[in-house]
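Shown next, in structure tokens, is the structure this report addresses.
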Amino acid sequence: MPNICLTRIDNRLLHGQVAVTWSHHVEANLILICNDEVSKDKIQQSLMDMACPPSMQTRYFSIEKTIQVIHKASPKQKIALIVRNPQDVWKLVEGGVPIDSVNIGNMHFSEGKEQVTTTVSLNDSDRDAFKKLVDRGVKCTIQRVPSEKAVEIQKYL
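Mapping of the sequence shown onto the working numbering: position 43 corresponds to residue 718, and the numbering continues sequentially without gaps.
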């Protein structure tokens, strides 16, 4: 079973807050960006790698590749799994990736979304995905940084 120490939704994916603060907090040694677009974009990958300390390993996989290979991960790999939205988390869970909790960081406002906290905005599709995750027993909490109190997403569904 893969050693997933953090699953985080952050529409910015990999940046300093994730690469340093969260990865240190959960003692991750591998950041896995699970995103179909970024998995094919070497320029975005290079830019994201700049946010990481040299000792941190990074991987950029599509959702399907993550589902296919996550169970081959070494137990020594402490994985911080980063995705852009709750729909992708649901695809991973449906695909058999053992996710028991989700940290919701940044889900920026855009047309059709309702801002529910300073860092999280939701549309109907987001709410549906979170409802499925919660119904499956996945704990979903909003927490920008480790020092903030976590708030369960159910309050906003």
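For glycine and all other residues, C-beta sits at the position ideal for the given N, C-alpha and C.
Per the C-alpha coordinates, the member of CYS815, THR794, THR793 positioned closest to ASP803 is CYS815. Counting along the chain, SER776 sits inside the beta strand (DSSP E) bounded by residues 776-781. Within its own chain, the residues whose Cβ lies closer than 6 Å to the Cβ of GLN790, once the five positions on either side in sequence are excluded, are PHE784, SER796, listed in chain order. Burial is judged here by how many other beta carbons sit within 10 angstroms of a residue's own beta carbon; GLY770 has fewer than 16 and is exposed. Here the stretch 757-774 does not lie against the stretch 724-736, with fewer than 3 beta-carbon pairs under 8 Å apart.
Under the three-state reduction of DSSP output, VAL795 falls in the strand class. Residue burial annotation: ILE708 is buried, with at least 16 other C-beta atoms found within 10 angstroms of its C-beta.
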